[in-house]
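A short worksheet on the structure shown next.
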Amino acid sequence: MRFTKSVIWVLAASATAVKALSNNSSTSQPPPQSTADDDLPSNFGLLLFPEFQSLDVFGPLDALNLFSLARRLNLSIIAETMDPVSTQVRSSQINKFGSTFGESIMPTHTFKNAPPIDVLLIPGGYGTDSPTIGPAVEFIKKIYPSLQYVLTVCTGSQLLAQAGILDGRHATTNKQAYNRVTKHGPNVKWVPEARWVADGNIWTSSGVSAGIDLMFAFLDAVYGTVVSNQVSEGMEYVRNVDWRNDPFAHYIKDGEPMS
1 MRFTKSVIWV
11 LAASATAVKA
21 LSNNSSTSQP
31 PPQSTADDDL
41 PSNFGLLLFP
51 EFQSLDVFGP
61 LDALNLFSLA
71 RRLNLSIIAE
81 TMDPVSTQVR
91 SSQINKFGST
101 FGESIMPTHT
111 FKNAPPIDVL
121 LIPGGYGTDS
131 PTIGPAVEFI
141 KKIYPSLQYV
151 LTVCTGSQLL
161 AQAGILDGRH
171 ATTNKQAYNR
181 VTKHGPNVKW
191 VPEARWVADG
201 NIWTSSGVSA
211 GIDLMFAFLD
221 AVYGTVVSNQ
231 VSEGMEYVRN
241 VDWRNDPFAH
251 YIKDGEPMS
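Mapping of the sequence shown onto the UniProt record's numbering: position 107 corresponds to residue 107, and the numbering continues sequentially without gaps.
Listed below in structure tokens is the structure:
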């Protein structure tokens, strides 16, 4: 408990510290925002759809869970309906053993009544290929102009591509699903070897666990390196701090996606 209080104290003391990043590449993290502390993002939205990948959601969110103890953050969970949204894979072609295994999240809002959002987090998962994903893509199109940032994990970048938001932008995605996802964005500047990519206010990551590294890089750029380091220490998480360090890039191939 003492350690937790110490982490929270340091986070609160450093929440407004932002540091410029030295890499000027268009596919590196953007510079931190030169805004007052009150103008920094505080309203986060999570877009959900059936068969989302659990770590795509819970990894990045846990970093924000800890950060929210140091400054006020608000989370809205947005889905097509108010019904619980499950990770369970229902396709018999993928879930060949008929496992009834998964977790569900209760939405707080629907696409029709979503509150103002500063940052939208979009996970990946088998559900990105569902024939019922259309309403989620339309919601992304509608809300994007009002966002400060949009972050995708894994095959979540496919939904941004389908919405046309990635056209002309650099982006990445899950490497085992790379060939399939990139077909949805012929005008996107896909980066095959990248743990995450930031282009303007759009952040995309590689597969599943890469979303955690993306979130820490986002905290770096927007709230400051001191903040992101303290959160990672509180989580006892060893970060990948180089977006170019992609140990799974060699998996780019045709075949069934893993998420």
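No residue lacks a Cβ here, since even glycine has one placed at the ideal position from N, Cα and C.
Are the Cβ atoms of residue i and residue j separated by less than 8 Å?
i      : j      : result
Ala161 : Val197 : no
Asp246 : Arg195 : yes
Asp213 : Asn179 : no
Ser209 : Gly59  : yes
Phe216 : Ser232 : yes
Gly125 : Ser76  : no
Leu166 : Leu121 : no
Leu159 : Val119 : no
Asn43  : Asn74  : yes
Ala177 : Thr204 : no
Asn107 : Val222 : The question names Asn, but residue 107 in the sequence shown is Pro. Against a cut-off of 8 Å, the Cβ pair of Val222 and Pro107 comes out as no contact.
Classify residue i as helix, strand or coil using the three-state DSSP reduction.
i           : result
Phe139      : helix
Asn74       : strand
Ser68       : coil
Ile122      : strand
His250      : helix
Asp39       : helix
Leu160      : helix
Leu61       : helix
Asp242      : coil
Tyr237      : coil
residue 265 : It is not possible to answer for residue 265, since the shown part of the chain is limited to 1 through 259.
Asp167      : coil
Asp83       : coil
Leu48       : coil
Asn150      : One detail in the question is off: residue 150 reads as Val in this sequence, not Asn. Correct three-state label for Val150: strand.
Ser205      : strand
Val231      : helix
Ala198      : strand
Looking only at its chain, what residues have a beta carbon closer than 7 Å to the beta carbon of residue i, apart from the 5 residues adjacent to it on each side?
i      : result
Asp242 : none
Ser104 : Pro84, Val85, Ser86
Taking buried to mean at least 16 other C-beta atoms within 10 Å of its own C-beta, is residue i buried or exposed?
i           : result
His250      : exposed
Ser92       : exposed
Val150      : buried
Val238      : exposed
Ser99       : exposed
Phe97       : exposed
residue 262 : As displayed, the chain neither begins before 1 nor continues past 259, which places residue 262 out of reach and without an answer.
Arg132      : Looking at the sequence provided, one finds Thr at residue 132 rather than Arg. With fewer than 16 Cβ atoms within 10 Å of its Cβ, Thr132 is classed as exposed.
Rank the options by C-alpha distance to the C-alpha of residue i and give the top, closest one.
i      : options                       : result
Gly117 : Ala136, Gln176, Ile78, Pro192 : It is worth fixing the name first, because residue 117 is Ile in this sequence and not Gly. Answer by Cα proximity: Ile78.
Thr225 : Phe101, Gln88, Thr172, Phe67  : Phe67
Ala136 : Glu80, Val181, Asp38, Asn174  : Glu80
Val85  : Gly134, Ala70, Pro50, Leu159  : Pro50
Ala63  : Phe248, Ile252, Gln230        : Gln230
Ala163 : Pro41, Pro186, Pro115         : Pro186
Thr128 : Lys112, Pro115, Asn65, Val153 : Val153
Ser130 : Trp203, Arg90, Tyr144         : Arg90
Tyr144 : Gly200, Ile252, Asp38         : Gly200
Met235 : Lys183, Leu61, Asp37          : Leu61
Gly211 : Phe139, Asp38, Gln53, Asp39   : Gln53
Ile202 : Asp38, Ile140, Pro115         : Ile140
What does a CB cutoff of less than 8 Å around residue i pick up in its chain, not counting 5 residues either side in sequence?
i           : result
Thr110      : Ile78, Ala79, Glu80, Thr81, Met82
residue 260 : Residue 260 lies beyond the range of the chain shown here (1 to 259); nothing can be said about it.
His184      : Gln158, Ala161, Gln162
Excluding the 5 residues preceding and the 5 following residue i in the sequence, name in chain order all residues of the same chain whose CB lies nearer than 6 Å to its CB.
i      : result
Val57  : Pro123
Glu156 : A small fix is needed here, since residue 156 is Gly in this sequence, not Glu. Contacts found: Ile122, Pro123, Gly124.
Phe248 : Lys175
Asp220 : Ser228
Gln88  : Gly102
Thr182 : Trp190
Gly134 : none
Pro115 : Ser76
Asn95  : Val89
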